[in-house]
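For the sequence shown, counting from 1, position 93 maps to 85 in this note's numbering; every step adds exactly one. Structure, as structure tokens:
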Amino acid sequence: MISPVNNNLTGLVFESHNDKIDLEQSLAKLSSGNKLVRTGDDTGAFTQASKLGSKNKRDLVSLQNLQNLVSYSQSQDGVLEQAGKMLHRMNEITIRALDVTATDADRENYNKEFIELAEQLDQMSTEKFGGLDLFGEGAFSQDKKDFIEALQKQWLKGAMNVIEDRFGLSPEGTDDFEIIVNENDTGSYTAFVAFAGQDVIEMQFDLPDFQSPFTAPSSDSPIYRADRVVAHEMTHAVMADVLNLNTSVDGTSGGGSANWFIEGTAEFIHGADYRVVADLGGVINLDANQNSGNDIAFNNTAAQQAKVDANGAAIINAIGNGTEGWSASPQYSAGYIATRYLHKELKDNGTSSPNGIKDMLMWMEANNKSVGGALKNFFGAHDPAKYGTVAGNTVTNKQAHDNFINDFKANGELFLRNTMDLTNTDTGAISGADADGGSVINAAEAVPNTGIGYAADATAQTQPLATTKGGNAGFTLGWEEDDSALSATVDGSGATYDLKSIYSVQIADTETYNLKSIASARATLSELTTMMTNLSTERSSVGANLSRLEKEIQNLNGKIMTGEMAVGRLKDTDIARESTKFASSQVRMQASIAILAQAKDLNVGIRDLIRGIVIGQS
């Protein structure tokens, strides 16, 4: 039997241990100021406090982002302030240069300072903040805005309607369509279409190659009209979307592209008689506005025949094998003539192709076939030796394609001489007078801008473009943004603030704007007035950015403070309460230690007594 003294001793030991734990916990909470020392202290509160704490940390980083944007905007304002001082000085010396008593030598001296200041302005426009440009390249020019509006309201839709009507093709909704208008002259193209990535078709225009004002129809040169250029490029875009590799020679990526057909159909959609005339050495008759207008023709048949005799063979042979890189104008002419030739052959000798090229393109789309495969299908019965697929004939798609090219080289000049009429005002567009016996389609009418299905939209066309096919939307359009911006995360939830772009002032054209003469000084003064107005506008934008950023910072600081208070309510220890608990635990601990010491002595004495009694009984 265990003595009651020993039971009490065990209880005192446990009690002392618990007091020690309470004392340690209170000490930990008092020393850290945190009542959630361990997860087990309050699991729910610990989890909630952890989430709030994480958000507060994200908000603090976002605050730093906003403060960096403030510094960025302040740097912009500093540079623009200096630009303003320089413009004022340039304005001053420009006024001096307008003094009729000033000599040419005086103006030359003024001009030296002016040029130096202009160069400094240009240099300031390239200033950076931490490797980031302070100023954008500039907002869209009015010409660019007008050009894009014409694309959105008329040209793209008009081109799509023409392509659908005359080729039977419309986008399937599988690709995005991005439009880019370059304000600077690239010097390499007027427009082009290319794949910019998976399922993205990109169309670019070189704006300096087009003539303003941009109203349909308009011209980009003495030859082209903008809506016709768009129709050409849209043909590429649609065919890229719906035919994939089918504009290849044999249906494989390694078989080569049928470039003559790709460019020929694009030219055929709007007509390219003007190009053939020019490449043959004829003169394009222009109207007073330098537009090709209705007069793209040789003066008479004899003049056409003479040019064909002299240069026709070279134009026809420019087609090569049909797959070479396509860039020179005679190649485009050859592709166009070959497509016209194919169109007539399809109507005259093809199988089930009363609509010529339209039937062939629709068949290629429906059957996923290449150019060579289409030629075999439509001409197999007409000329089995070249295109046949019966009686053991082993003509491949590539052989069929090459046979057509050779046939065109043999008969193309005769076709150009006797069938193509380059003396009238018809452009040679499909469904025109020359191609299909319809009404005359001149340069202004190649892509209709009026009539059912062709009227300009009252609002800009955005998405999707054109009709639906098989339940799919047409092209989803992507347009450049007129105003690029820096974006910063402004709170822990991931919300962002877009900083309006600021553009610097610069005088790049010092050949026009200088102080060498009174006339140039007057032009320069007008330009400086515009620049100072623009500068005021940009500085106002900087001020607006800074004001908005300050409010965002104030708002975010409030969120951070509120969040920290919420975390504090969950985590911060009650010092008074915990101090009392600590003192109580400490007293209990000390009492337990004292009692245990006494109990130890008492317990030893009893054991000795018991041991003695037992010995005495022995």
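Beta carbons: idealized from backbone N, C-alpha and C, even for Gly. All values derive from a computational prediction rather than experimental measurement.
Residue i, buried or exposed, once every other Cβ within 10 Å from all chains shown has been counted against 16
{"i": "G122", "result": "exposed"}
{"i": "P322", "result": "buried"}
{"i": "E84", "result": "exposed"}
{"i": "R613", "result": "Outside the displayed range of the chain (-7 to 610) lies residue 613, so it cannot be described from this structure."}
{"i": "I87", "result": "exposed"}
{"i": "T331", "result": "buried"}
{"i": "V439", "result": "buried"}
{"i": "E225", "result": "buried"}
{"i": "F202", "result": "buried"}
{"i": "M557", "result": "exposed"}
{"i": "D501", "result": "exposed"}
{"i": "F197", "result": "buried"}
{"i": "A110", "result": "buried"}
{"i": "K49", "result": "exposed"}
{"i": "D219", "result": "buried"}
{"i": "A536", "result": "exposed"}
{"i": "F124", "result": "Inspection of the sequence shows that residue 124 is occupied by Leu rather than by Phe. Exposed: under 16 other Cβ atoms inside 10 Å."}
{"i": "Q144", "result": "buried"}
{"i": "S512", "result": "buried"}
{"i": "I155", "result": "buried"}
{"i": "R514", "result": "exposed"}
{"i": "D191", "result": "exposed"}
{"i": "E105", "result": "exposed"}
{"i": "T182", "result": "buried"}
Cβ-Cβ separation, residue j to residue i (assumed contact under 8 Å), whole Å
{"i": "T239", "j": "I254", "result": "5 Å"}
{"i": "N434", "j": "G243", "result": "The Cβ separation is near 38 Å, so there is no contact."}
{"i": "S325", "j": "A310", "result": "7 Å"}
{"i": "A223", "j": "A151", "result": "4 Å"}
{"i": "G263", "j": "A421", "result": "3 Å"}
{"i": "K136", "j": "V92", "result": "In fact, because the Cβ distance is near 40 Å, the residues do not count as touching under 8 Å."}
Residue i (DSSP reduced to helix, strand or coil)
{"i": "L334", "result": "helix"}
{"i": "I552", "result": "helix"}
{"i": "Q616", "result": "Nothing about residue 616 can be reported from this structure: the residues present for the chain run from -7 to 610 only."}
{"i": "Y446", "result": "Reliability fails at Y446, whose pLDDT of 41 lies under 50, so the model's placement of it is uncertain and the value that follows must be treated cautiously. Three-state result, Y446: coil."}
{"i": "T172", "result": "The sequence as given places Ile at residue 172; Thr does not occur at that position. Here I172 sits in strand by DSSP."}
{"i": "L126", "result": "coil"}
{"i": "S249", "result": "strand"}
{"i": "A183", "result": "strand"}
{"i": "L655", "result": "The structure shown has nothing for residue 655, since the chain only spans -7 to 610."}
{"i": "F159", "result": "helix"}
{"i": "F121", "result": "strand"}
{"i": "I607", "result": "Confidence is the limiting factor: at I607 the pLDDT is only 44, short of 50, which leaves the residue's position unreliable and the question unanswerable from this model."}
{"i": "T468", "result": "strand"}
{"i": "S493", "result": "coil"}
{"i": "S240", "result": "strand"}
{"i": "L79", "result": "helix"}
{"i": "L457", "result": "strand"}
Other residues of its chain near residue i: CB distance less than 7 Å, five sequence neighbours each side excluded
{"i": "D233", "result": "P163, E164, T166, D167, I193"}
{"i": "A366", "result": "M352, W355, M356"}
{"i": "G247", "result": "S240, V241, K390"}
{"i": "L113", "result": "A75, M78, V497, Q498, I499"}
{"i": "A229", "result": "F169, V185, I193, M195"}
{"i": "S133", "result": "E175"}
{"i": "A427", "result": "R332, H335, G420, A421"}
{"i": "F370", "result": "L338, G342, T343, S345, M352"}
Residue i beta carbon near the ligand SAM (any heavy atom closer than 6 Å)
{"i": "D265", "result": "No copy of the ligand SAM occurs in the structure displayed, which carries no ligand at all."}
Close beta carbons around residue i, own chain, < 6 Å, minus the five adjacent residues each side
{"i": "M349", "result": "For clarity, residue 349 is Ile in the given sequence; the question names Met instead. Around I349: H335."}
{"i": "N347", "result": "none"}
{"i": "N341", "result": "H374"}
{"i": "E119", "result": "V71, L126"}
{"i": "F396", "result": "L367"}
{"i": "G304", "result": "E405, L408"}
{"i": "W252", "result": "I311, G314, G327, A330"}
{"i": "G273", "result": "K299, N303"}
Chain-order list of residues whose beta-carbon lies under 8 Å from that of residue i (same chain, five-residue window excluded)
{"i": "K401", "result": "I308, N309, I311"}
{"i": "L538", "result": "V62, S65, Q66, D69"}
- Just checking, does the region 540 to 550 make contact with the region 52 to 65 on the three C-beta pairs under 8 Å criterion? yes
- Query: Taking three-plus beta-carbon pairs below 8 Å as touching, is the region 178 to 185 in contact with the region 360 to 376?
  - Reply: Contact between the region 178 to 185 and the region 360 to 376 is absent: fewer than 3 CB-CB pairs across the two stretches fall below 8 Å.
- Message: With three or more C-beta pairs closer than 8 Å as the rule, is the region 67 to 81 touching the region 92 to 100?
- Response: No, the region 92 to 100 does not touch the region 67 to 81.
- Could you say if the region 488 to 503 and the region 523 to 530 meet the contact criterion of at least three C-beta pairs nearer than 8 Å? yes
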